[in-house]
Amino acid sequence: MLRDITLGQYFPGDSVIHRMDPAVKILASVVYMVAVFLCRNIWSFAFILAASVFSTAVSKIPFRAVLKSMKPLVIILLITTFINVFFYEGETVLVSWHFIHITLEGILNALLIAVRIICLLIGTSVILTYTTSPIDITDGIERLLKPLAMLGVDVHIFAMMMAIALRFIPTLIEETDRIISAQKARGADFDSGNLVSRAKALIPVLIPLFAAALRHALDLATAMECRCYHGGEGRTKMNERKPKAGDFVLLGAFVIIGACVIIINKYAPGFNTGSVTGA
Amino acid sequence: MADFITLKDLWFSYDPENVKDRENYILKGISLGIEEGSFVCVLGHNGSGKSTLAKIMNLVCTPTSGSVTVDGRTITEEPDEDTVFEIRGKVGMVFQNPDNQLVTTIVEDDVAFGPENLGVPSEEIRKRVDAALATVGMTEYAKHSTSMLSGGQKQRVAIAGVLAMQPRCIIFDESTAMLDPQGRRAVMDTIEKLHSEKGMTIIHITHNMDEAVNADRVIVVNDGRIFLDGTPSEVFSQEKKLREAGLGVLQVTELFGMLTRELGMKLPGGITDNRKGAEILSSALKNGKN
Ligand SMILES: Nc1ncnc2c1ncn2[C@@H]1O[C@H](COP(=O)(O)OP(=O)(O)OP(=O)(O)O)[C@@H](O)[C@H]1O
Ligand SMILES: [Mg+2]
Chain A
0 MLRDITLGQY FPGDSVIHRM DPAVKILASV VYMVAVFLCR NIWSFAFILA
50 ASVFSTAVSK IPFRAVLKSM KPLVIILLIT TFINVFFYEG ETVLVSWHFI
100 HITLEGILNA LLIAVRIICL LIGTSVILTY TTSPIDITDG IERLLKPLAM
150 LGVDVHIFAM MMAIALRFIP TLIEETDRII SAQKARGADF DSGNLVSRAK
200 ALIPVLIPLF AAALRHALDL ATAMECRCYH GGEGRTKMNE RKPKAGDFVL
250 LGAFVIIGAC VIIINKYAPG FNTGSVTGA
Chain B
0 MADFITLKDL WFSYDPENVK DRENYILKGI SLGIEEGSFV CVLGHNGSGK
50 STLAKIMNLV CTPTSGSVTV DGRTITEEPD EDTVFEIRGK VGMVFQNPDN
100 QLVTTIVEDD VAFGPENLGV PSEEIRKRVD AALATVGMTE YAKHSTSMLS
150 GGQKQRVAIA GVLAMQPRCI IFDESTAMLD PQGRRAVMDT IEKLHSEKGM
200 TIIHITHNMD EAVNADRVIV VNDGRIFLDG TPSEVFSQEK KLREAGLGVL
250 QVTELFGMLT RELGMKLPGG ITDNRKGAEI LSSALKNGKN
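Chains A and B are the protein sequences, given in the same order.
Take 0 as the starting number for the first sequence in numbering that gives the first Met the number 0 and just add one per residue.
Take 0 as the starting number for the second sequence in numbering that gives the first Met the number 0 and just add one per residue.
In structure tokens:
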């Protein structure tokens, strides 16, 4: 069950997006996220949705995988939709029964916010997490944060910690599965009782998990020492990356997408979302 | 050949300030030479100090007293950093749990980790990584995620990661213990290949006696001391001493012992090889029939 989480899952490949410099890619995904938040009317939303679908096609990530990654979002989507449909103060009332008022604007708003969340997910996963190995992401972050080194921040250590955390997510998930099965075999019950008793039932899972995490950490530290790790000083990289002209062209493409959104917001007629819950 | 690693009267405690009695040290006066290009197996029960001994050899632990000499360089007290990294680069180490020694998520990035730390130039790292992956037969997995590999494959990636540092000696600390028979076979084949084709010095710590039968030399560690040291047949024929050290006995040796003691059969002692044992036994039984 825990295995379904596709957090930080990387699909190796050779698309234009895969080959983009990770540091530039992080900038591009920030630009993209800003563009998604800027969307205000149906046309700009339609445009950004088309842009994310297009990016997915370019990245050659199977659409099925992208859809699957949305599974954990279903609940959030349902909640925001529910809140917007029932509580949005619109003008065109469709249903009015006691205290429930469903308005056309409410439904539209719910729809647009759902699209916003979906676009955010598609965009960031296709541009960044699905097409960039975690090590490249941390490498990108390390390079983007380089200027902080002048303030005395050890950027390398920070990036290393992130890389190791990412590396250990699958290991710890496996460990959790194993502990849960072991506790179940001894008669532990995780699925019944009220919230408090269920939370209590998790304690015998968390303690061995912490112990395991510590053991992993100690072993890993020794293994890293054996491989001559001594911080960022004097360290080289197998793939020393420098952004190429092509990377900036792609970044430019995302900036243009953002600009298009602003123009469409301004000139296209249509329904504008209000500032309501969710995203 | 000359010794690649030499330990002289080596005493070690993780906490020498508080452990006053040297009898409570983890390693107690070990003197040992590991010949260059040899295949040495180290046996011993849990907690006897095998892993600690291994960590001394690549300076993850520094001797409390006594000296370690690796490839002609002698280390006695706190060595300087450069020496430490030079020696760790020469004496690589592969551990038991494959999950706790891979540092990154992608196979080739992990193999590159060691040489990156050593400050090797990028193009050279690329070459070393490709060569190391080819040696362990994992080339086609170069871009795979480490978390998707089987235990045996993870261990081979870990070996490649050590090979990329171009060590002259590799210590395997129970590296086959957590694997299924197939993974174990693949890893053992890789280890044997490194020894026979690349002439590397191999120190293999194991609980599995069958893996020690083909070694050049077997060392049994007991309670921080070297208890037995010799060729496999010299060591494995000493049934009583092995039991004293908390170890089992090879099945052939045990069978031969029982046949001699209980049935009064006249069989040679010190048999460690299954096939050879079977041959002797079958000819003895044929003779008995006639
Ligand atoms: N980092 C450490 N700090 C303190 N004591 C330790 C440390 N590592 C090991 N020890 C102790 O040193 C002794 C020898 O441990 P070591 O790991 O060398 O044994 P081993 O022969 O490798 O055993 P095993 O077969 O279980 O791997 C044990 O009593 C152990 O508790
Ligand atoms: Mg050990």
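A virtual CB, placed ideally from N, CA and C, is assigned to each residue, including glycine.
In this text, all values refer to a predicted model and were calculated from it rather than measured experimentally.
E34 (chain B) - partner residues in DSSP beta bridges: On the second sequence, residue 34 (chain B) is found 35 positions in, with the first residue counted as 1. According to DSSP, E34 (chain B) bridges with B:D2.
Rounded C-alpha distance that separates D20 (chain A) from K236 (chain A): Taking the first sequence and counting its residues from 1, one reaches residue 20 (chain A) at position 21. Taking the first sequence and counting its residues from 1, one reaches residue 236 (chain A) at position 237. Approximately 15 Å between the Cα atoms of the pair.
Sequence-distant residues of its chain with Cβ nearer than 6 Å to T103 (chain B) (five each side left out): Residue 103 (chain B) sits at position 104 when you count from the first residue of the second sequence. So the list reads D109, once near-sequence residues are dropped.
Closest by C-alpha distance to A141 (chain B), when choosing among B:A130, B:I124, B:E107: Position 142 of the second sequence holds residue 141 (chain B). That would be B:E107, whose Cα lies nearest to the Cα of A141 (chain B).
Closest by C-alpha distance to A141 (chain A), when choosing among A:I25, A:T123, A:L66: Taking the first residue of the first sequence as 1, we reach residue 141 (chain A) at position 142. Rather than Ala, the amino acid found at residue 141 (chain A) in this sequence is Glu. Looking at the Cα atoms, A:I25 is the closest of the given residues.
Contact with chain A by S121 (chain B), beta-carbon distance below 8 Å: As a first step, residue 121 (chain B) must be located in the second sequence, where it is residue number 122. So, interface residue.
Three-state secondary structure (DSSP) of R185 (chain A): Position 186 of the first sequence holds residue 185 (chain A). Three-state result, R185 (chain A): coil.
Cβ of T235 (chain A) within 8 Å of any chain B Cβ: For the purposes of this step, residue 235 (chain A) is identified with residue 236 of the first sequence, where counting begins at 1. Chain B, which has a Cβ nearer than 8 Å to the Cβ of T235 (chain A), makes this yes.
Inter-residue spacing [alpha-carbon to alpha-carbon] between A214 (chain B) and F171 (chain B): Mapped onto the second sequence, residue 214 (chain B) falls at position 215. Mapped onto the second sequence, residue 171 (chain B) falls at position 172. Each residue's Cα considered, the two are about 13 Å apart.
Length of the line joining the Cα atoms of A56 (chain A) and F62 (chain A): Along the first sequence, read from residue 1 onward, the residue named residue 56 (chain A) stands at position 57. Along the first sequence, read from residue 1 onward, the residue named residue 62 (chain A) stands at position 63. Whole-angstrom Cα-Cα distance: 8 Å.
Any non-hydrogen atom of ligand 2 within 7 Å of D172 (chain B) CB: Along the second sequence, read from residue 1 onward, the residue named residue 172 (chain B) stands at position 173. Result yes, Cβ under 7 Å from ligand 2.
Residue-chain proximity (L165 (chain A), chain B), Cβ-Cβ < 8 Å: Within the first sequence, numbered from 1, the residue matching residue 165 (chain A) stands at position 166. Yes, because at least one Cβ of chain B sits closer than 8 Å to the Cβ of L165 (chain A).
beta-carbon K54 (chain B) near ligand 2 non-hydrogen atom, thresh 7 Å: The sequence position of residue 54 (chain B) within the second sequence is 55, counting from 1. A distance criterion of 7 Å places the beta-carbon of K54 (chain B) beyond contact range of ligand 2, judged by its closest non-hydrogen atom.
Endpoints, alpha helix (DSSP H) assigned at E109 (chain B): Here residue 109 (chain B) corresponds to residue number 110 of the second sequence, with the count starting at 1. Note that residue 109 (chain B) is Asp in the sequence shown here, rather than Glu. It spans 106–116 - the alpha helix (DSSP H) in which D109 (chain B) sits, taken as one unbroken run.
Residue-level contact to chain A via CB, E233 (chain B), 8 Å cutoff: If you number the second sequence from 1, residue 233 (chain B) lands on position 234. No, E233 (chain B) lies away from the interface with chain A (no Cβ there is under 8 Å from its Cβ).
Sheet register partners of F11 (chain B) (DSSP bridge): By 1-based counting over the second sequence, the position of residue 11 (chain B) is 12. DSSP, once it has assigned bridges, lists B:L26 as partnering F11 (chain B).
Through-space distance from Q100 (chain B) to T128 (chain A), alpha-carbon basis: Taking the first residue of the first sequence as position 1, residue 128 (chain A) is located at position 129. Taking the first residue of the second sequence as position 1, residue 100 (chain B) is located at position 101. In a straight line, the C-alpha of T128 (chain A) is about 24 Å away from that of Q100 (chain B).
For R115 (chain A), three-class secondary structure by DSSP: Position 116 of the first sequence, counted from the first residue, corresponds to residue 115 (chain A). In the structure shown, R115 (chain A) adopts helical secondary structure according to DSSP, grouped into three states.
Distance between D176 (chain A) and V195 (chain A) (C-alpha atoms, nearest Å): Reading the first sequence from its first residue, position 196 is the one you call residue 195 (chain A). Reading the first sequence from its first residue, position 177 is the one you call residue 176 (chain A). When rounded, the distance between both Cα atoms is 21 Å.
Among A:I263, A:A181, A:V15, A:T102, nearest to V290 (chain A) - alpha-carbon criterion: Because chain A is modelled from 0 through 278, residue 290 (chain A) falls outside the range shown and cannot be assessed.
N207 (chain B) versus A53 (chain B) - alpha carbon distance: Translated into positions along the second sequence, residue 207 (chain B) becomes position 208. Translated into positions along the second sequence, residue 53 (chain B) becomes position 54. C-alpha separation (whole angstroms): 17 Å.
Start-end ranges of the beta strand (DSSP E) lying completely within the region 40–105 of chain A, minimum 3 residues: Fully enclosed beta strand (DSSP E) runs of 3 or longer: 92–96, 99–102.
Alpha-carbon spacing of I263 (chain A) relative to G88 (chain B), whole angstroms: For the purposes of this step, residue 263 (chain A) is taken as the residue at position 264 of the first sequence. For the purposes of this step, residue 88 (chain B) is taken as the residue at position 89 of the second sequence. The alpha-carbon atoms of I263 (chain A) and G88 (chain B) are separated by roughly 60 Å.
Interface residues of chain A facing N99 (chain B) [CB-CB closer than 7 Å]: Mapped onto the second sequence, residue 99 (chain B) falls at position 100. The contacting residues are H215, D218, L219, A222.
Among A:R240, A:A244, A:H97, the one whose alpha carbon lies nearest that of E122 (chain B): Counting from 1 along the second sequence, the entry for residue 122 (chain B) is found at position 123. Nearest of A:R240, A:A244, A:H97 to E122 (chain B), Cα basis: A:R240.
Chain-ordered chain A contacts of I4 (chain B) [CB-CB under 7 Å]: Counting from 1 along the second sequence, the entry for residue 4 (chain B) is found at position 5. Here the premise fails: no neighbours, minimum Cβ distance about 15 Å.
Contact test: I218 (chain B) Cβ vs ligand 1 heavy atom, cutoff 7 Å: Along the second sequence, read from residue 1 onward, the residue named residue 218 (chain B) stands at position 219. Answer for I218 (chain B): no, Cβ out of range of ligand 1.
Inter-residue spacing [alpha-carbon to alpha-carbon] between V35 (chain A) and C225 (chain A): Counted from its first residue, the first sequence places residue 35 (chain A) at position 36. Counted from its first residue, the first sequence places residue 225 (chain A) at position 226. Answer to the nearest angstrom: the Cα atoms are 46 Å apart.
Cβ-heavy atom distance, N45 (chain B) to ligand 1, below 7 Å: Counting from one through the second sequence, the residue named residue 45 (chain B) turns up at place 46. Yes - ligand 1 has a heavy atom lying nearer than 7 Å to the Cβ of N45 (chain B).
Neighbour flag for R226 (chain A) against chain B, beta carbons, 8 Å: Taking the first residue of the first sequence as position 1, residue 226 (chain A) is located at position 227. By this cut-off, R226 (chain A) is an interface position.
G151 (chain B) (DSSP reduced to helix, strand or coil): Here residue 151 (chain B) corresponds to residue number 152 of the second sequence, with the count starting at 1. Here G151 (chain B) sits in helix by DSSP.
CA-to-CA distance, T137 (chain A) to M161 (chain A), given in whole angstroms: Locating residue 161 (chain A) in the first sequence gives position 162, where the first residue counts as 1. Locating residue 137 (chain A) in the first sequence gives position 138, where the first residue counts as 1. Counting only the Cα atoms, T137 (chain A) lies some 7 Å from M161 (chain A).
Which listed residue (A:H155, A:I121, A:I74) has its alpha carbon closest to that of I134 (chain A): Here residue 134 (chain A) refers to the residue found at position 135 when the first sequence is read from its first residue. Its Cα nearest to that of I134 (chain A), the residue A:H155 stands out among A:H155, A:I121, A:I74.
Backbone CA spacing between T276 (chain A) and I78 (chain A) [nearest angstrom]: By one-based count along the first sequence, residue 276 (chain A) stands at place 277. By one-based count along the first sequence, residue 78 (chain A) stands at place 79. Low per-residue confidence applies at T276 (chain A): pLDDT is 38, beneath 50, and the placement is therefore not dependable enough to give any value.
Close-in-space but distant-in-sequence residues of the same chain around D3 (chain A) (CB under 6 Å, 5 per side omitted): The count along the first sequence starts at 1 and reaches residue 3 (chain A) at position 4. Low local confidence applies: a pLDDT of 43 at D3 (chain A) is under 50, so the model's placement there is unreliable, with the coordinate-based value given in what follows. Nothing listed; no residue qualifies.
Pick from B:L132, B:Q237, B:E139 that is closest to G229 (chain B), judged by C-alpha positions: The residue labelled residue 229 (chain B) in the question sits at position 230 within the second sequence. Distance check between G229 (chain B) and each of B:L132, B:Q237, B:E139 places B:Q237 closest, using alpha-carbon atoms only.
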